[in-house]
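End of the sequence shown sits at 445 in my numbering; the numbers just go up one at a time, nothing left out. Notes for the one structure printed next.
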Amino acid sequence: MKERNILAGFKTEEAAVQARDKLRQAGFDIVQIDRIGQFPGDGVENVLNPITGEIPSLAKMTMAGDFPSGRDASILAAANPDASGMADRGDDDLEASILLTAVVPEERGDEATDIIRACGGMV
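Right, here's the structure in full:
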């Protein structure tokens, strides 16, 4: 049996959960939701005060990135215009930080895609 893998982005977790529930009601069993981001890690869990000098990197402070591989990755991320705030990309599609993944039978792929789009997902 051929299968189709569907990756869909959502702006809110509530919309993704709604889509997951509707997919499961329709008989699709393999559906999961994950939070994704541009940089690794879970983000900043406490308030960082730059005046104290106790910040690991600009990217950690401004973009909530966690760089376990070392300082090189955080320096490279700090070169991103998002770190300084001097760029306005105006691209709303990049706000879709919730990823819904579904594995569905090939013949029902369009049905699953329609359900996802009806809930606000970007396929």
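The beta carbon of each residue, even a glycine, is placed where N, CA and C say it ideally should be. If you're wondering where the values come from, they're calculated on a predicted model, not measured in any experiment.
Which residue wins for smallest C-alpha separation from residue i, given the options the options?
{"i": "D432", "options": "R393, V445, R357 and A418", "result": "V445"}
{"i": "S396", "options": "G387, A348 and C441", "result": "G387"}
{"i": "D356", "options": "G442, C441 and A424", "result": "A424"}
{"i": "I358", "options": "R346, Q347 and A330", "result": "A330"}
{"i": "R430", "options": "K333, Q340 and L345", "result": "L345"}
Please work out which residues of its chain come closer than 7 Å, Cβ to Cβ, to residue i, disregarding the five sequence neighbours upstream and downstream, and give them in chain order.
{"i": "V426", "result": "E325, R326, I328, F350 and A434"}
{"i": "R439", "result": "V445"}
Quick check on DSSP: helix, strand or coil for residue i?
{"i": "D356", "result": "strand"}
{"i": "V445", "result": "coil"}
Who are the near neighbours of residue i in its chain, counting only those whose CB is closer than 6 Å to its CB and skipping five residues on each side?
{"i": "R393", "result": "none"}
{"i": "Q354", "result": "T423"}
Cβ of residue i within 7 Å of any heavy atom in the ligand ZN?
{"i": "R342", "result": "Absence of the ligand ZN is noted for the structure shown, with no ligands found whatsoever."}
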